Structures are given as structure tokens and as C-alpha cells.
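> Take a look at the following structure, please.
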Amino acid sequence: MKLSTSIFKFIRQTEPVVPSNKVPLDEALDRNVGDRSRPLILPILISATFLMETIDSTLLVTALPKIASDLQVDPVEAKLALSTYFLVMAALIPLSGWLTERVGPRIMFCAAIGAFTIGSVLCAYSPSLSILVFARTLQGVGGAMMFPVGRVILVKSVSKKDLVAASSYLTIPGAVAPIFSPLLAGYVATYSDWRWLFWINVPLGCLGMALAGLFVPNDIGIERRPFDVIGFCLSGLGLAALGFGLTSLGGQVVPVEISVFVSFAGAVFACLYIFHARKSDNPLLDLSLLKHRTFKIAITGSFVTRAAVFGALPFLVPMMLQVGFGLTPLESASLTFTGAIGSLFTKFIITRALRRAGFRNLLILTAVLTTFTIMALAFVGRYTPHALIMAVIFCSSLFRLLQILALEAMVFAEIPQRDLGAASGLLSVVKQLAASAGIAYSAFLLRAFQSLRGDIMLQVEDFHTALIFVAIPIGLTAIMSAKLSPNDGFEISGRVTRAR
């Protein structure tokens, strides 16, 4: 008890210093208030925590069939360990900014790392799927706070001239983790115990909390704004209940009656939030932004594409390779990691592609190519050359991430400067919600096609048909993108088409 009290006092030792030029939190994200340089360790620390979170998610995707086997549950049922994490993230991300304003970034960042680390310990000790889902929920609580708070700390703690260089550290986790973490997960799940995948986070989390207590400032100097408590309760309950209900529907863990009731309750809460947001002067999620045509097209396209790319495909493809083709986790990972390399290539061509094609043409082209490359995965089999499978996964990842990057850049094309924070917040929630929806959709497809065959075991054709149905919605986004003007978003893309 004395030790924990001392640690808490150490973290609280620097009280928030509120300067005279206070600014709201969302404005602090767009301009650096205070030009104090921080040690290089601060951006490295923040990016390292993001790396820990990113690795954890990608490790679980590869090892999920092995985890399901050890816990003696159906592989499709194990989807709850994935979708619950994203649902909690979607529900709690809007709360992170308000909590940071109240208690300071150091305490929030340490608490976020602590929650994620404790959740990792519980994951490693999980004797059943229900305990694993609970542990992943706790990880989601920590993850929902880690990225927004870390971004605030970074923007507020470096000088303007160093901001671009410091921000570049945040791109490292997304680029590096998907390349080596599937191979690591495949090796551990094949030759050791999958629980070690969660133990990796424990020393990293403890070190992160210690360094955060030493180097993270607590004097953010931002205005304490009123919080939309009613909106948070309605949106949080709506997102969590609707997502969990739909994800568990048709499974064996939760009775179907409970799944239907929870889904219906979630839909009611979501409708109540929409009504509340229209009446509120400061809504938690500003749905009025959907009046902007490009924002509406971009946010809808981003949801559909992300549901497939970060939800359905990471769930379906490793399971097809392991359950359907009989590959080991390591053999599966050696095929899927090429997708991360394809995604990495997009970093070098997205700017040039937008400048040459513009948003409209690029979005139509990538939607069509992504659809066909995902459908191509539905025609690979046990005896398809591995080199061909790797090539298809590489091309599919390249095209679909190009589409996502273009869509999420266009989100801000028509948004006024004062609404950029609200647009960014809504996009953050949509990202997490889409991943959960994609997992639920793909699991529903597998169950439906399995039931139509009247079989108790999943077969390769179930995965093939599911992949086709995952690809179709992405193809439909091309029709939506065709409604764009050739000059929409020209300030971002740099391409202007003159009328003839």
C-alpha cells in the first residue's frame, strides 16, 4: 500500500499549470501552444506504446485459430476476443480528451498503459473465452486512452520546428508492426504457448509507465470544457450494445434471445443519441458534419472499406489458411505478411497517385481493383502455389490501403477549420466501429454458409463464398465515388481539371 501511494504521489507531483492563453483540446491538436523542447525520449516513448498496442492486435489475429483450439471453442466464436476490443475503443475514445483535461496527460497516459498491461496479464491467464473477452475489454479501455492522449502530449511537448520530425515517430508502429508481428505470432503459436504473446506486453508496459512518470509533462494548459454526459452515455451504450449483440448473434456463447434483445436496445440508444445530437449545442459526436457532401461520401466509404480491410479480411484469411487449408500458424503468417509489405508501398505512391488522378478517379479505380483482388482470394486452394497466394495478398493490400488513405484524406476536404477536431473525432470512432462490424459480418457469413450446407464443420468453400460477399460492398463504393466532381478535394490532391 505504501509503495502504491508513493508512486501515485510521484505521478501527481507536478500540478497542472494553466497559462493565460488557454485553448480547447481540439485546437491544441492543431497548433502547438508553448515552444518548449522535450527530450527525444518523449516521442520515442509515445510511439513505443503505440507499437505495443498495434503488435498486440496483429499478434492475436494470426494466433486466433490456435487460441480457439486450446480454449476448446469454435474458431468463429473466438471473434468476440477481437470485436470486443474495437467496440470498447469506439465507445471510449470520445471520453479520453475530457479526462485528460481534468487529470492531466501524465496521469492519463500512465493509467492507460497500466490498464492495457493488466489486461495483457489477464489475457495470458485466461482459462476460457469469456475471461479472454473480459481481459480484451480492459485492454480496449487502455487502448482507447493511449493514442489520443499520446498525440496531445506529443503536440504540446515539442517545439514547432521539431513537430514534424517528432510526429514521424507515430507512423513507425503502423508500418513496422504488421510486417514482423504475424511471423512472431505464427512462430510462438506453432512452437510454444500462445500466452507468451500477451506476456510480451508486461515488461514493455511497466517500463512505459516508469518512463512516462519521469518524462511526460502534466502541465497541458488547456481549457476545461463542458462534457456531453448524456451524449456519451447514449452513444457508448448504443455502440457497445448494438455491436456486441450483432457480433454474438448466431453464436454458441450467448443465447440468441439475449443477442437480439441487446441489439435492439443498442439500436434504441443509437436513435436516441441521433435525436440528442440534433438538439445539443456541443454534441459528443457531431453528426451535422454529414451535411458536407465529400465528408459523407468519404466517411461512408471509409467505414465500408475499413470493415473489410481491418475487420473481415484479418479474421477470414488466417482462419482460411489454418482451418481450411490445414497450415500451421507460422506457415499462414509467412503468406499473409506480404500484405504488410504491400501496404508499406502505398506510403511512397499515395501523394503522386492523388496528384495525377485526383480523388474521384483514384477512388473508383482502387475500389474496382480491391474488389477483384479480394475475390481472387476466393479461388485459391490447398494446392495453389504459395508464391501466387503471396502475390494476390500483396496486390490486394496495396490497392485497398490506397483507397483508405485517399478516403480519409478527403474527409477534411470541405470541413471548416473550426470543425476539424469534431471531424477527426468522428473519424476515429468510425475506424474502430468499422473493424468490429467487419468481424461480425464475416463471422455471420461463415455461419450462414455453414448452415446452408447442413455441416457442423467449416469447409474451404465457406471461406471462399464469404470473401466474395466481403468484396461486393467495396465494389459498390465505386458507384458512390462516381458522384464526386473531378475537382473535389483539389486543395489536398493538388490536381485541378479545367472545364472545357
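Residues in the sequence shown are numbered consecutively from 12, following the working numbering. Here a beta-carbon is modelled for each residue, glycine too, at the ideal position from N, C-alpha and C. None of the values given here were measured: they were computed from a predicted structure.
Taking one C-beta from the segment 271-289 and one from the segment 118-128 each time, how about it: are there three or more such pairs within less than 8 Å?
Too few Cβ pairs lie closer than 8 Å, so no.
> Which value, in whole angstroms, describes the spacing of the CA atoms of residue 289 and residue 248?
Taking the first residue of the sequence shown as position 1, residue 289 is located at position 278. Taking the first residue of the sequence shown as position 1, residue 248 is located at position 237. The alpha-carbon atoms of residue 289 and residue 248 are separated by roughly 18 Å.
> Output the distance between the C-alpha atoms of residue 78 and residue 497, rounded to the nearest integer angstrom.
By 1-based counting over the sequence shown, the position of residue 78 is 67. By 1-based counting over the sequence shown, the position of residue 497 is 486. C-alpha separation (whole angstroms): 48 Å.
> Just mark residue 397 as buried or exposed, buried being the case when its beta carbon has 16 or more other beta carbons within 10 Å.
As a working mapping, residue 397 is identified with position 386 in the sequence shown. Looking at its Cβ environment, which holds fewer than 16 other Cβ atoms inside 10 Å, residue 397 is exposed.
> Leaving out five residues on either side along the sequence, give the residues of the same chain with a beta carbon under 8 Å from the beta carbon of residue 514.
In the structure as shown, the chain starts at 12 and stops at 511, and residue 514 therefore has no counterpart that could be examined.
> Hey, out of 393, 156, 144 and 139, whose CA is closest to residue 84's CA?
On the sequence shown, position 73 is the one that residue 84 refers to. Measuring from the Cα of residue 84, the nearest candidate turns out to be 139.
> Please report how far the alpha carbon of residue 427 lies from the alpha carbon of residue 306, in whole angstroms.
One-based indexing of the sequence shown puts residue 427 at position 416. One-based indexing of the sequence shown puts residue 306 at position 295. Cα to Cα, residue 427 sits roughly 11 Å from residue 306.
> Could you say if the segment 417-431 and the segment 352-370 meet the contact criterion of at least three C-beta pairs nearer than 8 Å?
The answer is yes - the segment 352-370 touches the segment 417-431, with three or more Cβ pairs under 8 Å.
> In this structure, does DSSP put residue 32 in helix, strand or coil?
Residue numbering aside, residue 32 sits at position 21 when the sequence shown is read from its first letter. In this prediction, residue 32 scores a pLDDT of 43, lower than 50, which makes its location untrustworthy; the coordinate-derived value is nonetheless stated afterwards. Coil.
> For residue 238, tell me which candidate among 293, 216, 414 and 188 has the shortest Cα-Cα distance.
Counting from 1 along the sequence shown, the entry for residue 238 is found at position 227. That would be 293, whose Cα lies nearest to the Cα of residue 238.
> Looking only at C-alpha atoms, which of 190, 207 and 199 sits nearest to residue 132?
The residue given as residue 132 occupies position 121 in the sequence shown. Nearest of 190, 207 and 199 to residue 132, Cα basis: 207.
> Express the C-alpha separation of residue 225 and residue 311 in angstroms, rounding to a whole number.
If you number the sequence shown from 1, residue 311 lands on position 300. If you number the sequence shown from 1, residue 225 lands on position 214. C-alpha separation (whole angstroms): 42 Å.
> Under 8 Å by Cβ, that's how I've got residue 92 and residue 250 pegged, so tell me the actual separation to the nearest angstrom.
Counting from 1 along the sequence shown, the entry for residue 92 is found at position 81. Counting from 1 along the sequence shown, the entry for residue 250 is found at position 239. That pair is no contact at about 18 Å.
> Tell me the residue span of the alpha helix (DSSP H) that contains residue 404.
The residue labelled residue 404 in the question sits at position 393 within the sequence shown. From DSSP, the alpha helix (DSSP H) with residue 404 extends over 397-421.
> Given this structure, state the Cα-to-Cα distance separating residue 136 from residue 214, to the nearest angstrom.
Position 125 of the sequence shown, counting from 1, holds the residue named residue 136. Position 203 of the sequence shown, counting from 1, holds the residue named residue 214. Spanning the two alpha carbons is a distance of roughly 16 Å.
> With 16 other CB atoms within 10 Å as the buried threshold, where does residue 493 fall?
If you number the sequence shown from 1, residue 493 lands on position 482. Exposed, since its Cβ has fewer than 16 Cβ neighbours within 10 Å.
> If we call anything under 9 Å between Cβ atoms a contact, is residue 335 one with residue 474?
Indexing the sequence shown from 1 puts residue 335 at position 324. Indexing the sequence shown from 1 puts residue 474 at position 463. Yes; because the gap between Cβ atoms is below 9 Å, this pair is in contact.
> I need the DSSP call for residue 442, collapsed to helix, strand or coil.
Numbered from 1 along the sequence shown, position 431 holds the residue referred to as residue 442. Here residue 442 sits in helix by DSSP.
> Using 10 angstroms around the beta-carbon of residue 460, count the other beta-carbons present and answer buried if the total reaches 16, otherwise exposed.
Position 449 of the sequence shown, counted from the start, is the residue given in the question as residue 460. By the neighbour-count rule (16 or more Cβ atoms within 10 Å), residue 460 is buried.
> Tell me whether residue 204 is buried or exposed, calling it buried when 16 or more other Cβ atoms sit within 10 Å of its Cβ.
As a working note, residue 204 is residue 193 in the sequence shown. So residue 204 ends up on the exposed side.
> In angstroms with no decimal places, state the Cα-to-Cα distance between residue 274 and residue 366.
Position 263 of the sequence shown, counted from the first residue, corresponds to residue 274. Position 355 of the sequence shown, counted from the first residue, corresponds to residue 366. Each residue's Cα considered, the two are about 43 Å apart.
> Can you check which of these residues, 340, 75 and 158, is closest to residue 87 by C-alpha distance?
Taking the first residue of the sequence shown as 1, we reach residue 87 at position 76. Closest option to residue 87, Cα to Cα, is 75.
> How many angstroms separate the CA atom of residue 155 from the CA atom of residue 326?
The residue labelled residue 155 in the question sits at position 144 within the sequence shown. The residue labelled residue 326 in the question sits at position 315 within the sequence shown. Approximately 21 Å, taken between the alpha carbons.
> Going by C-alpha distance, which of 344, 94 and 378 is nearest residue 148?
To locate residue 148, count along the sequence shown from 1; it is residue 137. Cα-wise, what sits closest to residue 148 is 94.
> On the CB-based measure, 16 or more other CB atoms within 10 Å of its CB, does residue 470 come out buried or exposed?
Here the question's residue 470 lines up with position 459 in the sequence shown. Per the 10 Å Cβ criterion, exposed.
> Skipping 5 residues on each side, what residues in its chain have a beta carbon closer than 8 Å to that of residue 438?
Counting from 1 along the sequence shown, the entry for residue 438 is found at position 427. The answer, listed in chain order, is 310, 313, 419 and 422.
> Could you tell me whether the Cβ atoms of residue 375 and residue 388 are closer together than 9 Å?
The sequence position of residue 375 within the sequence shown is 364, counting from 1. The sequence position of residue 388 within the sequence shown is 377, counting from 1. No, the pair does not count as a contact, with Cβ atoms beyond the cut-off.
> Rounded to the nearest angstrom, what separates residue 158 and residue 55 at their Cα positions?
Indexing the sequence shown from 1 puts residue 158 at position 147. Indexing the sequence shown from 1 puts residue 55 at position 44. About 14 Å.
> Thinking C-alpha only, which one of 440, 476, 489 and 65 is nearest residue 378?
Your numbering for residue 378 matches position 367 in the sequence shown. Checked all of 440, 476, 489 and 65; the closest Cα to residue 378 is 489.
> Only counting the same chain, and skipping five residues up and downstream in sequence, which positions put a Cβ closer than 6 Å to that of residue 391?
Taking the first residue of the sequence shown as 1, we reach residue 391 at position 380. Same-chain partners within the cutoff: 400.
> Applying the 10 Å Cβ sphere with the 16-neighbour rule, what's the burial state of residue 458?
By 1-based counting over the sequence shown, the position of residue 458 is 447. Residue 458 should be labelled buried.
> Any idea what DSSP makes of residue 291, helix, strand or coil?
In the sequence shown, the residue the question calls residue 291 occupies position 280. Residue 291: coil per DSSP, three-state reduction.
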